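There are 2 protein chains.
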Amino acid sequence: MLATSKPLSGTAVVPLDGLIRTCNQTENRIATIPPRTKLFLPGIDRSETFRILQGCIALFQLLPDGRRQIVDILGPGRLFGRGISDLHQCGAEALCETQVELVTAVRRSLDAEINQSIRQMLRRAQAHATLLGRKTAGERIATALIDLAGQFSNETGDGFQLHLTRMDLADWLGLTLETVSRYLNRFRREGLVSFEGANRIFLNDRTGLELIAAGRELAAVQ
Amino acid sequence: MLATSKPLSGTAVVPLDGLIRTCNQTENRIATIPPRTKLFLPGIDRSETFRILQGCIALFQLLPDGRRQIVDILGPGRLFGRGISDLHQCGAEALCETQVELVTAVRRSLDAEINQSIRQMLRRAQAHATLLGRKTAGERIATALIDLAGQFSNETGDGFQLHLTRMDLADWLGLTLETVSRYLNRFRREGLVSFEGANRIFLNDRTGLELIAAGRELAAVQ
DNA sequence: CGGCTCCTTGAGCGCTCTCAAGCCCGGTGG
DNA sequence: CCACCGGGCTTGAGAGCGCTCAAGGAGCCG
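So the protein lines, in turn, are chains B and W. Per our numbering, residue 184 is the first one in the first sequence, and the count goes up by one each step. Per our numbering, residue 184 is the first one in the second sequence, and the count goes up by one each step.
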């Protein structure tokens, strides 16, 4: 299942149409997107929907001067496409090698699932607004770690692959790269988490993180 | 149309069920909600949907320690209810006397409209996340004024009623009451807007506000 | 007139940003 | 095998935007 499709060409930007074509060339409608590929979404009103099988996709918005806000991080199982996020004003980027399956044309019973997916996006977007508007930097990092653990950890222990760079995390959480790094390392020093390399993370004290994420106990030391 | 229904009792908190009952007691299914009424949403999975005819409703989330984030401001024409916003973890509050119409049971052709409404909520929530994560205080205020003008101004000139207090604006924009007041008055001194009383607003220089909202020109003076 | 809520304005603080330097590590080529 | 390079990460020092605390004004209602 993993090796059934070849990676797309090494282009950094792939139009959604090309992705659809690639999927349709395989019998199981699966495509593999190289790391750091930007998915370009032409104005055509395609309603094709993809399911992420493996990997990680970020939805982001840009301000005219280049400031970036990642509005959602999508892990395995999540749906995306113009039909879902409308991708109104969003771009999408695969943060690592990502496998997607084209699911639209496969079955019509999909509508209910797409509906559920949109509601999930809305629920997450509103929770994220609360994070961005009212949580401190430490609370944001803790919240993010719990969310990512939920989306990316296997059943084997609490470790998970952090597909986001510090910069990605900053753009997701409304912080700067340096602040993200400081709090991650603070949490490591305090024993809440540990790293393997810079990008594999273990939650050693999930309860502690949840307390911090909820806005309790975390002295503001920087 | 405005006087067809009597205001609900003066209680500050109204369960959604009561609102539905009140609507059903009038032939046109309209209810009037007093200012500052909190709409309580019991766990029952009612999918009834309301359309706002007049007034203003805020959807908000609370953190355990009382911090509040308003995740959306709904004006006339917008739909709301458990079926729309799921009201996952949201509360709702009428910011002024608000007239709503119960539309669910009326017609089945409503589904497409509800779908559109959810997508609109998602689009707005993601744009708001970008505002909260990446815009400065002045940019947030300018963006908010333009949004509110769009939702609440009649065709008669650019004036509109500001149903939100400074505190509401702060909770919507991820700021404090004082910062909101400072920037509103700064914009007034600069001739971008003017007030009648504290709560009727005129956009004198919409283009200027749009430039600021987009992140251009606005010296950080405070 | 007093009391209330909401708003305005000032002064100073602090959390997070900015700027800067240096480290880690994998890749590449001599 | 090692030097070099570059991207990503860490850490420090200082600055600034927005917050906190505080006082007072404006409008409303009894």
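Virtual Cβ for every residue (Gly too), placed ideally from N, Cα, C. Computed from a predicted structure; not experimentally measured.
message = Can you pull the chain W neighbours of B:T313, defined as C-beta to C-beta under 8 Å?
response = For the purposes of this step, residue 313 of chain B is taken as residue 130 along the first sequence, with counting starting at 1. Listed by position along chain W, the residues whose Cβ is nearer than 8 Å to that of B:T313 are Q244, L246, Q252, V254.
key: B:E393 to W:S292 span [Cα, whole Å]   = As a working mapping, residue 393 of chain B is identified with position 210 in the first sequence. As a working mapping, residue 292 of chain W is identified with position 109 in the second sequence. Taking the straight line joining both Cα atoms gives about 43 Å.
query = DSSP beta-bridge partners for B:A214?
reply = Within the first sequence, the letter at position 31 stands for residue 214 of chain B. Beta-bridge pairing links B:A214 to B:V283.
ask   = Does B:G238 have its Cβ less than 7 Å from a Cβ in chain W?
value = Residue 238 of chain B sits at position 55 when you count from the first residue of the first sequence. With 7 Å as the cut-off, B:G238 does not count as an interface residue toward chain W.
message = Would W:L199 pass as an interface residue toward chain B - the criterion being a Cβ-Cβ separation below 7 Å?
response = The residue given as residue 199 of chain W occupies position 16 in the second sequence. Output row for W:L199: interface = no.
query = Run through DSSP, which three-state label would B:S158 get?
reply = Outside the shown range of chain B, which is 184 to 405, sits residue 158 of chain B, and nothing can be said about it.
message = So with CB distances below 9 Å, who are the chain W contacts of B:I301?
response = Stepping through the first sequence from its first residue, residue 301 of chain B is reached at position 118. Residues of chain W passing the Cβ test: N298, I301, R302, L305.
Segment contact flag, the region 310-328 of chain B with the region 271-290 of chain B, C-beta cutoff 8 Å, min 3 pairs = No: the two stretches stay apart, fewer than three of their Cβ pairs being nearer than 8 Å.
query = Straight-line CA distance for W:T362 to B:D388?
reply = Within the second sequence, the letter at position 179 stands for residue 362 of chain W. Within the first sequence, the letter at position 205 stands for residue 388 of chain B. Approximately 37 Å between the Cα atoms of the pair.
request  = Grab me the residues of W:R261's own chain with a C-beta within less than 6 Å of its C-beta, minus the 5 sequence neighbours each way, in chain order.
outcome  = Here residue 261 of chain W refers to the residue found at position 78 when the second sequence is read from its first residue. Non-local beta-carbon contacts of W:R261 in its own chain, meaning distances under 6 Å to residues more than five positions away in sequence, involve I235 in chain order.
query = Taking the C-alpha atoms as reference points, what is the distance between B:K189 and B:E284?
reply = The residue you call residue 189 of chain B lines up with position 6 of the first sequence. The residue you call residue 284 of chain B lines up with position 101 of the first sequence. The predicted model places B:K189 with a pLDDT of 43, which falls under 50 and marks its position as unreliable, so this point remains unresolved.
inquiry  = Just to confirm before moving on: does the CB-CB distance between W:A320 and W:L352 stay below 7 Å?
reply    = Counting from 1 along the second sequence, the entry for residue 320 of chain W is found at position 137. Counting from 1 along the second sequence, the entry for residue 352 of chain W is found at position 169. Not closer than 7 Å, so no.
key: Cβ neighbours of B:Q344 in the same chain (closer than 7 Å, five flanking residues each side left out)   = Position 161 of the first sequence, counted from the first residue, corresponds to residue 344 of chain B. Hits under 7 Å: F335, N382, R383.
message = Determine, for B:Q208, whether the minimum Cβ-Cβ distance to residues of chain W falls below 7 Å.
response = Numbered from 1 along the first sequence, position 25 holds the residue referred to as residue 208 of chain B. B:Q208 is outside the set of residues whose beta carbon lies under 7 Å from a beta carbon in chain W.
message = Using only the alpha-carbon positions, how far apart do W:P218 and W:M350 sit?
response = In the second sequence, residue 218 of chain W corresponds to position 35, counting from 1. In the second sequence, residue 350 of chain W corresponds to position 167, counting from 1. In this structure, the straight-line span from the alpha carbon of W:P218 to that of W:M350 is close to 15 Å.
query = If we ignore side chains and look at the alpha-carbon of each, how far apart do W:R306 and B:L356 end up?
reply = Translated into the one-based positions of the second sequence, residue 306 of chain W becomes position 123. Translated into the one-based positions of the first sequence, residue 356 of chain B becomes position 173. Roughly 18 Å separates the two Cα atoms.
inquiry  = Let's test the definition: count the other Cβ atoms within 10 Å of the Cβ of W:E276 and tell me whether it reaches 16, buried, or not, exposed.
reply    = Working through the second sequence from its first residue, we reach residue 276 of chain W at position 93. Buried.
ask   = What first and last residue would you give for the beta strand (DSSP E) that runs through B:L386?
value = Looking up residue 386 of chain B in the first sequence gives position 203. Segment 383-386, the beta strand (DSSP E) holding B:L386.
task = Would you kindly work out how many angstroms separate the C-alpha atoms of W:S300 and W:F263, rounded to a whole number?
result = For this step, residue 300 of chain W is matched to residue 117 along the second sequence. For this step, residue 263 of chain W is matched to residue 80 along the second sequence. So the alpha carbons of these two residues sit roughly 8 Å apart.
inquiry  = Please report the distance separating the alpha-carbon of W:D200 from that of W:E231.
reply    = Along the second sequence, one-based indexing puts residue 200 of chain W at 17. Along the second sequence, one-based indexing puts residue 231 of chain W at 48. Approximately 9 Å, taken between the alpha carbons.
task = Locate the alpha helix (DSSP H) running through B:R265, then write down its first and last residues.
result = Taking the first sequence and counting its residues from 1, the one referred to as residue 265 of chain B is at position 82. Following the DSSP letters along the chain, one finds B:R265 inside the alpha helix (DSSP H) bounded by residues 265-268.
query = Which residues share a DSSP beta bridge with W:G274?
reply = To locate residue 274 of chain W, count along the second sequence from 1; it is residue 91. DSSP output for W:G274 lists W:F243 as bridge partner(s).
query = Expressed to the nearest angstrom, what Euclidean distance is found between the alpha-carbon atoms of B:Q309 and W:Q244?
reply = Position 126 of the first sequence, counted from the start, is the residue given in the question as residue 309 of chain B. Position 61 of the second sequence, counted from the start, is the residue given in the question as residue 244 of chain W. C-alpha of B:Q309 to C-alpha of W:Q244: approximately 8 Å in a straight line.
key: Within the region 310-371 of chain W, ranges of the alpha helix (DSSP H) (whole runs, at least 4 residues)   = Fully enclosed alpha helix (DSSP H) runs of 4 or longer: 320-335, 349-356.
request  = Kindly indicate which three-state DSSP category B:A403 falls into: helix, strand or coil?
outcome  = Here residue 403 of chain B refers to the residue found at position 220 of the first sequence. Reliability of the predicted coordinates at B:A403 is poor, the pLDDT of 42 falling under 50, and the value obtained from them is presented with this limitation in mind. It is coil, neither helix nor strand.
ask   = Roughly how many angstroms lie between the CA atoms of W:G374 and W:L367, to the nearest whole one?
value = Within the second sequence, residue 374 of chain W is the residue found at index 191, counting from 1. Within the second sequence, residue 367 of chain W is the residue found at index 184, counting from 1. Roughly 11 Å between the two C-alpha positions.
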